[in-house]
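Asks: Those letters in the sequence shown? Residues 662 to 759, per the numbering used here, in order.
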Amino acid sequence: MSAPRVKVYGFLSLTRRQYLMTLIGAMLLLVVLAPLWFYQGHEVVRQFLQVRAPALVPLVQYVPFIVLLALALEGIEVWIVLRKFARAEAQARASTKP
């Protein structure tokens, strides 16, 4: 019996393992990049935008809140997708029982 697949984002057909590995990769990226942002990243971004897109400079102060909102939305997505996996696995078990 192969592992059940669930469509994520409407076009990616992933197994639970593939989905969790992707999620772990995203969280590791966040853990690596967050300290860099708070160390001095906001100043680098502010200077970069000052030259190229001055209208976006005031938004730099809101980046931590935007990231927290994205994390909350990601948590909701994980909950929904893991429920889909549980349903798919239950259907697979039910169909293999005699």
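Built from N, CA and C at the ideal position, the CB exists for glycine as well.
1. Can you tell me which of the three DSSP states K668 falls into?
2. Looking at Q708 and the ligand FAD, is the gap between the Cβ and the nearest heavy atom below 6 Å?
3. Ignore the nearest five residues each way along the sequence and tell me which others in A664's own chain have a CB closer than 8 Å to its CB.
4. Can you name the residues that DSSP bridges to T757?
5. Considering L694, what are the terminal residues of the alpha helix (DSSP H) in which it resides?
Replies: If we stick to the structure as given:
1. Working through the sequence shown from its first residue, we reach residue 668 at position 7. If DSSP states are grouped into helix, strand and coil, K668 belongs with the strands.
2. Inclusion of the ligand FAD in the displayed structure is not the case, the ligand content being empty and no account of it being possible.
3. By 1-based counting over the sequence shown, the position of residue 664 is 3. Short of 8 Å from the beta carbon of A664, and not among the five residues preceding or following it, lie these beta carbons of its own chain, in chain order: T676, R677 and R678.
4. Position 96 of the sequence shown holds residue 757. Partner(s): none; T757 has no beta bridge.
5. Walking along the sequence shown from the start, residue 694 turns up at place 33. That run of the alpha helix (DSSP H) goes R677 to L697.
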